[in-house]
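Notes to accompany the following structure.
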Amino acid sequence: MKKGFLTLILAGSLMSAGAENALTGTKFTDNWSVGINAGVTQPLAHPYSIGENIRPQVDVELYKQFTPVFKTGVEFNAGINTTGIYGNRGVRTAFDHANLNLLGGLNLMNLFGGYKGSPRVFEIEALGGIGVGHVFGCKDADGSMAHKNYMTSKFGLNLGFNIGKAKQFTLAVKPAIVYNIEGRSQSNNAVAFNSNKANFELMAGLAYHFKTSNGTHHFTYARLYDQNEIDGLNDKINNLRGELDGKDNNLKAANNRINDLNNEVERLKNRKPNEVRVVETVTQQTRSMESVVTFRQGKSTVDNAQLPNVERVATYLNNHKDATVIIRGFASPEGSQEVNERIAKARAEAVKDILVKRYRINASRIDAQGNGVGDMFSEPDWNRVSICTIDDKEK
């Protein structure tokens, strides 16, 4: 049974390895958690009955989730001295036994149901591993007090509920069996799993999952692109730039036409042979220009390759002192709504900061807005942009 359990843990880690490249939040510093637990422990040895010699127990834990299926960690627990352990009432310490375990865990929901990009509300984990136990105040054969160290093995389940807006907390109930696997004497020291040398534990606790490099508290999926997709995206961006340049040319031609009409009006006003009543029409024209600044996934910093798009906006604002610009930041839909709104706002502010600090544009001429998840482009990931729209009204 124990060999089968350890084989299942190894199989789960191998099954998840193929999907690791498609995940974000896989750095060594990602997906760590810390937790505290409290509960009771009960000897399984005969002749103890259920509830006899039951005692409270507390523990702390630290885990690293390597894949959505497999994790490892350490647990340290201590039994509170209330009844005397196995009939030994000579201990004077508050905690009369302790256990340090090195454990591996399998998320059975993700192993058999697959990982969906976010933890389920309810999950079941299987745990197993080895440890070192210590009992304070054991009596030697001569009746003197001693301390005893021994090897242990633990097997159990975690029945957890992932709670919190970002599922950053796990509230779990944890039944387990802890074996003293050392032999009974020097002449019989073979490793053995014997219920007469085991305890049943029932613990409950709360764990906190630290934030990862992808901005969430867990693994998320990111779509992987090949070079052809990237080249196609660059082509579409270049086409948009070409369309903007074409609009600039049309705007220039319209301005030239307006100047010609104004000159014609002046000529008619100054004509002497006939008295001409001239009605002057003032035309207000709104100039509009857009520049698109793209970002990497999960980032709000402007790459050097995108600085020409920012400088294009700065040049126009410097040449047209009455013009203003609206910067709308967008995000792609991978993360949570809170993360997407924050990244969208940060992308707009990043472009604004460059215009103000590098190109000395007055901040009052810039309106930076975060617009959450964008839907301008057919591919969701193309919406990781800040769109700068020039507003220039001239009479």
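For the sequence shown, position 162 matches number 165 in my numbering, and the numbering has no gaps at all.
Every residue, glycine too, gets a C-beta built ideally from N, C-alpha and C.
Report the option in Ser339, Glu232, Glu246, Val268 whose CA atom is closest to the CA atom of glutamate 293. Glu246
In the DSSP output, what is glutamate 78 paired with across the bridge? Glu64, Asn104
Assuming valine 43 contacts isoleucine 53 under a Cβ cut-off of 8 Å, what Cβ separation, rounded to an integer in Å, is found between them? That pair is no contact at about 11 Å.
Within 8 Å (strictly less), CB to CB, does glutamate 337 reach chain B? Given the protein chain composition of this structure (a single chain), no chain B is represented.
Just the Cα atoms here: how many angstroms apart are asparagine 259 and aspartate 251? 12 Å
Within 10 angstroms of its Cβ, does valine 285 collect 16 or more other Cβ (buried), or is it exposed? The predicted position of valine 285 is uncertain, since its pLDDT is 44 and thus under 50; no value can be drawn from it.
Is the distance from the Cβ of valine 305 to the Cβ of valine 316 below 8 Å? no
What do you get for lysine 168, buried or exposed, if any count of 16 or more other CB atoms within 10 angstroms of its CB means buried? Burial call: exposed.
Distance between beta carbons of phenylalanine 298 and arginine 387, contact taken as under 8 Å: Rounded to whole angstroms, the Cβ separation of arginine 387 and phenylalanine 298 is 5 Å, and the two are in contact under 8 Å.
Assuming leucine 358 and valine 313 form a contact by the criterion Cβ under 8 Å, report the distance between their Cβ atoms to the nearest whole angstrom. 7 Å
Using alpha carbons as the reference points, say which of Asn34, Phe98, Asp62 lies closest to phenylalanine 69. Taking each of Asn34, Phe98, Asp62 in turn and checking the Cα distance to phenylalanine 69, the smallest one comes out for Asn34.
Would you say asparagine 84 and aspartate 62 are within 8 Å of each other, going by their C-beta atoms? no
Residues in the same chain with beta-carbon distance under 6 Å from leucine 65, minus the five sequence neighbours each way, listed in chain order, please. Same-chain partners within the cutoff: Val37, Gly76, Val77.
Cβ-Cβ distance between phenylalanine 222 and glycine 28 below 8 Å: Yes, the Cβ-Cβ distance between phenylalanine 222 and glycine 28 is below 8 Å.
Whole-angstrom distance between tyrosine 211 and leucine 109, CA atom to CA atom: Taking the Cα positions, leucine 109 is about 18 Å away from tyrosine 211.
Would a C-beta distance cut-off of 8 Å place lysine 157 and asparagine 104 closer than the cut-off? yes
Just to confirm before moving on: does the CB-CB distance between alanine 175 and glycine 159 stay below 8 Å? no
Quick one: which unbroken alpha helix (DSSP H) runs of 4-plus residues sit fully inside the region 304-344? Chain order, please. 310-322
Tell me which same chain residues have a C-beta within less than 8 Å of the C-beta of threonine 155, skipping the five on either side of it? Asn102, Asn104, Ile133, Gly134, Val135, Gly136, Val181, Tyr182, Asn183, Ile184
Please state the DSSP three-state secondary structure of methionine 206. Three-state DSSP puts methionine 206 in a strand.
In chain order, what residues of the same chain have a beta carbon less than 6 Å from the beta carbon of lysine 214, not counting five sequence neighbours either side? His220
Beta carbon of glutamate 344 nearer than 8 Å to that of glycine 301: no
Could you pull out every residue in the same chain whose Cβ sits closer than 6 Å to the Cβ of proline 46, ignoring the five residues on either side in sequence? Asn56, Asn202
If you count every other CB in all the chains shown that lies within 10 Å of the CB of leucine 264, and 16 or more means buried, which is it? exposed
Taking the CB atoms as reference points, tell me whether aspartate 370 and serine 335 lie closer together than 8 Å. Going by C-beta atoms, aspartate 370 is not nearer than 8 Å to serine 335.
Continuous beta strand (DSSP E) stretch holding asparagine 374: start and end: 369-376
From Gly117, Met112, Ala129, pick the residue whose C-alpha is nearest to that of leucine 106; which is it? That would be Ala129, whose Cα lies nearest to the Cα of leucine 106.
For aspartate 394, which residues from the same chain have a beta carbon less than 6 Å from its beta carbon, with the 5 sequence-adjacent residues on both sides left out? Thr327
Residue range of the unbroken beta strand (DSSP E) whose run includes valine 176: 172-183
Does DSSP classify proline 383 as helix, strand or coil? helix
Let's see if you can read the secondary structure: which residues bound the alpha helix (DSSP H) around glutamine 300? Premise fails: glutamine 300 is in no alpha helix (DSSP H) and is neither H nor E.
Quick check on the burial criterion: 16 or more other C-beta atoms within 10 angstroms. Buried or exposed for leucine 271? exposed
Under DSSP, the alpha helix (DSSP H) around threonine 40 begins and ends at which residues? Reading off the sequence shown, one finds asparagine at residue 40, where the question assumed threonine. No alpha helix (DSSP H) contains asparagine 40, which is instead part of the beta strand (DSSP E) from 35-46.
Does leucine 227 come out as helix, strand or coil in the three-state DSSP assignment? coil
On the three-state DSSP scale, how would you describe lysine 117? The question names lysine, but residue 117 in the sequence shown is glycine. Three-state DSSP puts glycine 117 in coil, outside helix and strand.
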